[in-house]
Amino acid sequence: MKNTLSILVFLTFCFWGINLSAQSYSSAIGLRLGAPAALSYKFFLNETSAVELYGSYRKRGIYSYHWTAYGLGATYQIHNDLSSVAEGLKWFYGGGAGISFYSWSDDTYFKDEGSLGILVQGAIGLDYRFAQAPVNLSLDWKPTIALTGYNNGFGAGYGAFSVRYILGE
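Here it is in structure tokens:
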């Protein structure tokens with residue numbers, strides 16, 4: 003339900019902003035609200051190339067089994083204009099890498115364990131910059147392959163709705 007609401011809010015802002023004249027931005031910082039939740043810093047190298055750095059946190063518990071994951075990652079993104087749909091809207095694709103530190107405990111067997119995950123990620127999404135406010139919204143999907151670690155293999159459930167404050171024009 004939260005993902006559906008996030009998508010609807012994002013699309014509403016995009017289509018309401020059609021008459022606004024948006025500008026690009028050089029850097030922004032904010033939150034990735036998704037799987038996993040993260041702090042995000044995005045900066046542009048030029049008009050079409052950007053890098054997003056993030057630090058993530060995820061915690062989960064089921065019955066007596068609990069795990070926590072911390073992550074660091076970066077994606078390189080190529081941005082393409084979608085101003086024919088809405089001024090300030092771009093779509094992007096790219097890829098990157100990350101690491102995750104997992105720890106878990108199983109109260110049934112009284113053991114604590116941990117592992118290090120090395121990740122390779124793809125990225126595809128939408129990026130919107132408001133013309134009248136220093137705010138950037140982004141919606142993305144990051145298919146991920148964990149090469150090592152607790153959760154190794156392919157994961158299609160990674161993506162987020164991001165809200166960032168624009169630091170530089």
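Heads up, the sequence shown is in the numbering used here, so the first residue is 3 and it goes up one at a time.
Even glycine gets a Cβ: it sits at the ideal position worked out from N, Cα and C.
All figures in this text were calculated on a predicted structure; none of them were measured in a lab.
Taking 8 Å as the limit between beta carbons, can you name the residues of its chain near residue i, skipping five residues before and five after?
i: serine 29; result: Tyr43, Lys44, Phe45, Phe46, Ile168, Leu169, Gly170
i: tyrosine 104; result: Trp69, Thr70, Ala71, Gly116, Ser117, Leu118, Gly119, Gly151, Tyr152, Asn153
Whose C-beta lies closer than 6 Å to the C-beta of residue i among residues of the same chain, with five residues either side of it excluded?
i: arginine 60; result: Pro38, Ala71
i: proline 145; result: Gly124, Ala158
i: tryptophan 93; result: Asn82, Leu84, Leu128
Where do the ends of the beta strand (DSSP E) carrying residue i lie?
i: asparagine 153; result: Run containing asparagine 153: none; DSSP gives neither H nor E here.
i: threonine 146; result: 146-148
i: asparagine 138; result: 137-143
Considering only C-alpha positions, which residue in the set the options is nearest to residue i?
i: glutamine 123; options: Gly151, Gly75, Tyr104, Glu89; result: Gly75
i: glycine 137; options: Val165, His68, Gly116; result: The sequence given here places valine at residue 137; glycine does not occur at that position. Closest option to valine 137, Cα to Cα, is Val165.
i: histidine 68; options: Leu55, Gly116, Ser85; result: Gly116
i: leucine 141; options: Tyr27, Arg131, Gly155; result: Arg131
i: glutamate 49; options: Ala133, Ala148, Asp83; result: Asp83
i: alanine 88; options: Gly98, Ala133, Leu149, Ile80; result: Ala133
i: tyrosine 160; options: Gly90, Trp106, Gly73; result: Gly73
i: serine 58; options: Gly32, Asn154, Ala52, Leu139; result: Gly32
Roughly how far, in whole angstroms, is the beta-carbon of residue i from the beta-carbon of residue j, given that I think they are within contact range, below 8 Å?
i: alanine 162; j: arginine 62; result: At roughly 17 Å, the Cβ-Cβ gap does not stay under 8 Å, so alanine 162 and arginine 62 are not in contact.
i: glycine 1; j: glycine 100; result: The requested residue 1 does not occur in the structure, where the chain is confined to residues 3 to 171.
So, at 7 Å on beta carbons, what are the nonlocal neighbours of residue i in its own chain, with the 5 sequence-adjacent residues on each side left out?
i: glycine 97; result: Thr77, Tyr78, Gln123, Gly124, Ala125
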